[in-house]
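Residues are numbered in the numbering used here as their position in the sequence shown, beginning at 1, plus a constant of 26.
A short worksheet on the structure shown next.
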Amino acid sequence: MRASRLLNILTTLQASGRATATKLAEENEVSLRTIYRDIDALSAAGIPVYSERGPEGGYRLLEGYRVRLNGMSSEEAEALAFSGMAGPAAILGLGSILAAAQNKLMVALPESLREGAEQMRQRFYLDASAWYQETEEPPFIREIADAVWRSTVIRMTYRSWHAERDRTVCPVGLILKNGAWYMAAMREGSVKTYRVSRVLKMQATSEAFTRPRHFDLAAYWQENAKRLERDLYPHRAKLRVTALGLRILQGISPTFVRAHMEISDPDDEGNRIVLLPSGTQEQAIHEFLRLGPEIEVLEPAELREAMAAVTRDMAALYGE
27 MRASRLLNIL
37 TTLQASGRAT
47 ATKLAEENEV
57 SLRTIYRDID
67 ALSAAGIPVY
77 SERGPEGGYR
87 LLEGYRVRLN
97 GMSSEEAEAL
107 AFSGMAGPAA
117 ILGLGSILAA
127 AQNKLMVALP
137 ESLREGAEQM
147 RQRFYLDASA
157 WYQETEEPPF
167 IREIADAVWR
177 STVIRMTYRS
187 WHAERDRTVC
197 PVGLILKNGA
207 WYMAAMREGS
217 VKTYRVSRVL
227 KMQATSEAFT
237 RPRHFDLAAY
247 WQENAKRLER
257 DLYPHRAKLR
267 VTALGLRILQ
277 GISPTFVRAH
287 MEISDPDDEG
297 NRIVLLPSGT
307 QEQAIHEFLR
317 LGPEIEVLEP
327 AELREAMAAV
337 TRDMAALYGE
C-alpha cells in the first residue's frame, strides 16, 4: 500500500509540477503527517524532491528529473471512467485510484500534450451534484457498486412509496442523477429502477448472474427517465401569472415542465394563462406557493380550493 502511494506522489509531482502536502494527503486519503513521512522516505531513497515556501509553495521534483513508471493497473484503467467526477469516484471508493490513473496518463503524455490537457482541466469542471445539496452517499453504495461490477445477486430490504419489501435482484448498473444514486437491476425478467438511498438492508452474495448481452445502460436510463418524469407529473394545472411570475415559474420549473408549458398572449394587465404538467396536489401546492401573489391557480377546482385553504390559514397565522 505504501509503495503504491509513494509512486502516486511521484507521478503527481511530475504531472502537475508542484503539489502541496494538503493536496497529496487528499488524493491519497491519508493524513498530513503520513505525507511528511513519505516525502522524507523519498528523499532518503535519493529522489530529488524539495519543498518551497510561500503562497506558491509546495513540493517539487528537481527540474529535468523524470519518473519512468507509466504502467497502469487494471483498477486504475477501470477508474478512468470517472474522469472529471472525483466526488462520485470517492463515494464509490475509487478516489485515490482515479487520481493515480490520471497522474500516470499525464506523465505518459508528451510535454506539449500535457500542457493542453492541464489547461483543459483548469478551464472545464463537471459538477454532478444538485444545487443546495450534496451528492448522496447511501450506506450500501460501495457494496452495490461491487455487485454491479462482479455481476452478483444481492438481497435487500427496499422502501418503496408504499411499503418496505424484501427483494432479490441482479444489479446491472448505477446511475448518478442530480446528486441521487439509482440502481438498475433485473427482477422477474425485466429491468427496474431503485433509488439506492431507499435500500434499508442489503446482503451481498457470491451467486453470479448473466448480464443481458445487449443491455445498454445509457439508453435504458434515458428512456426510463422520460417515463419517470411523466409519472411525476400526471396532472395538468391552469394558472394566471404575472409577468414576474412567469419569469420565476420558468426559472424554477424542471426541464420536463418547461417543455410542456402552454403560454397564452398577455392580457391588458400583462398577465398570462399558463397550462403546465403538475404532480400530486401536495407537490403542486408546495411549488405554487413559492410564487406568492404572482400566481393564481384556476384549475383544477380541487387544487384551487386547496390553495385557497392554505393561504387562508397563512393569513390567519400572520394576522394581527
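In this text, a Cβ means the ideal position worked out from N, Cα and C, and glycines have one as well.
**OP:** Check whether the stretch 234-250 touches the stretch 298-306, taking contact to mean three or more Cβ pairs, one atom from each stretch, closer than 8 Å.
**Re:** no
Subject >> Residue of LEU33, LEU87, ALA71, ARG31 minimising C-alpha distance to ALA45 >> reply: LEU87
**OP:** Let me know if MET182 comes out buried or exposed under the rule of 16 or more other beta-carbons within 10 Å of its beta-carbon.
**Re:** buried
**OP:** Kindly identify the DSSP beta-bridge partner or partners of ALA86.
**Re:** Reading off the sequence shown, one finds Arg at residue 86, where the question assumed Ala. Paired residues: TYR76.
Subject >> GLU53 - containing alpha helix (DSSP H), residue span >> reply: 47-54
Original post:
Between MET333 and the rest of its own chain, which residues show a CB-CB distance below 7 Å, the 5 nearest in sequence each way excluded?
Top reply: ILE311, PHE314, VAL323
Subject >> Spatial neighbours of LEU39 in its chain, beta-carbon cut-off 7 Å, leaving aside the 5 residues before and after >> reply: ALA45, VAL75, TYR85, ARG86, LEU87
Original post:
Looking at C-beta atoms only, is the number of pairs between the stretch 269-277 and the stretch 212-232 that lie closer than 8 Å three or more?
Top reply: no
Original post:
If you check the beta carbons only, do ILE35 and ALA51 fall under 8 Å apart?
Top reply: no
Original post:
From which residue to which residue does the beta strand (DSSP E) around LEU15 run?
Top reply: Only positions 27 to 346 of the chain appear in the structure, and residue 15 is not among them; the question remains open.
Original post:
Taking just the CA atoms, how far does GLY80 sit from ILE73?
Top reply: 23 Å
Original post:
Under a Cβ-count criterion, where at least 16 other Cβ atoms within 10 Å of its own Cβ denotes burial, should THR306 be classed as buried or exposed?
Top reply: exposed
Subject >> Runs of beta strand (DSSP E) wholly within the stretch 197-272 (minimum 3 residues, chain order) >> reply: 206-213, 216-221, 225-234, 261-267
Original post:
With C-beta atoms as the reference, is ALA234 less than 8 Å away from THR178?
Top reply: yes
Original post:
How would you label GLU190, buried or exposed, when you count the other beta carbons within 10 angstroms and need 16 or more for buried?
Top reply: exposed
**OP:** Run the CB neighbour count on ASN204, radius 10 Å, all protein chains shown included, and call it buried at 16 or more, exposed below.
**Re:** exposed
Original post:
Are the beta-carbon atoms belonging to TRP207 and VAL222 less than 8 Å from one another?
Top reply: yes
Original post:
According to the Cβ coordinates, are GLU255 and PHE282 closer than 8 Å?
Top reply: yes
**OP:** Would you identify the three-state DSSP class for MET287, choosing helix, strand or coil?
**Re:** coil
**OP:** Could you name the residues of the same chain whose beta carbon sits closer than 6 Å to that of ALA103, not counting the 5 residues immediately before and after it, in chain order?
**Re:** Because the pLDDT of ALA103 is 47, which lies under 50, any placement of that residue in the model is unreliable, and the question is left without a value.
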